[in-house]
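Let me begin by presenting the structure, written as structure tokens, before commenting on it.
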Amino acid sequence: MNIDSAQYYYNDTSPEAHKISLKPNLKAKFNGKTHHTEIIDDNAEQSNKSNKNNHINGRPKGQLAKCKICGRQCLYSFYGVKSCESCKQFFRRVVTKQTLFTCPRRNGFGNMVKCRGCRLDKCLVVGMDPTLINVPHSDKFKQFLANLEKRKRSAMLMQK
Numbered sequence: 136m137n138i139d140s141a142q143y144y145y146n147d148t149s150p151e152a153h154k155i156s157l158k159p160n161l162k163a164k165f166n167g168k169t170h171h172t173e174i175i176d177d178n179a180e181q182s183n184k185s186n187k188n189n190h191i192n193g194r195p196k197g198q199l200a201k202c203k204i205c206g207r208q209c210l211y212s213f214y215g216v217k218s219c220e221s222c223k224q225f226f227r228r229v230v231t232k233q234t235l236f237t238c239p240r241r242n243g244f245g246n247m248v249k250c251r252g253c254r255l256d257k258c259l260v261v262g263m264d265p266t267l268i269n270v271p272h273s274d275k276f277k278q279f280l281a282n283l284e285k286r287k288r289s290a291m292l293m294q295k
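If you read the sequence shown in the numbering used here, its first letter stands for residue 136, the second for the next number, and so on.
If you want it as structure tokens, here you go:
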């Protein structure tokens with residue numbers, strides 16, 4: 136067997152045995168002979184290909200969850216709840232601007248996308264924590280947090 140075209144195998148019969156290929160490094164020559172300095176792990180290349188198949192747009196497949204507020208797909212938890220980016224931003228704006236929206240129908244969790252009052256109620260009921268948002272804690276903000284807590288309790292009663 137010629138070393139220039141040799142493929143070596145471990146003496147391991149387990150399924151995890153790696154196939155090693157030696158490829159010549161054409162730039163490294165010593166006395167006119169090519170040195171084999173580049174080692175290729177064929178199993179690693181195959182696992183990289185399978186990892187690419189397990190990703191969607193660079194994100195892992197199968198790890199998408201549903202937003203607890205609107206039901207869209209999401210990857211992360213924000214303010215203590217699995218939520219999508221738009222619900223996170225909505226809740227952050229409500230808390231930073233200290234705005235309380237009300238539902239004109241008050242029918243309890245109607246259309247989460249169209250009704251801001253229902254969306255806020257749902258954010259509170261599923262457990263989004265307004266204290267996790269970086270806002271200066273003034274007396275006005277403490278009063279706003281108390282109002283949010285009352286709103287959460289009434290929304291939980293309406294849900295039942």
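Idealized CB from N, CA, C, for every residue including glycine.
D274 counts as exposed, since fewer than 16 other beta carbons sit within 10 angstroms of its beta carbon. F213 has V216 as its beta-bridge partners, per DSSP. In its chain, beyond the 5 residues on either side, R227, V230 have a beta carbon closer than 6 angstroms to the beta carbon of I268. Exposed is the label assigned to L235, since fewer than 16 other Cβ atoms lie within 10 Å of its Cβ. By the neighbour-count definition (other C-beta atoms within 10 Å, threshold 16), P271 is an exposed residue. The beta carbon of D256 lies closer than 6 angstroms to those of A290 in the same chain, with the five residues before and after it left out.
When the alpha-carbon of D264 is set against those of C238, R240, T237, F213, the nearest one is in F213.
Runs of the alpha helix (DSSP H) lying entirely within the stretch 242 to 280, each at least 4 residues long, are 251 to 261 in chain order. Annotation for C238: C250, G252, C253 place their beta carbon closer than 6 angstroms to its own, counting only its chain and skipping 5 residues before and after.
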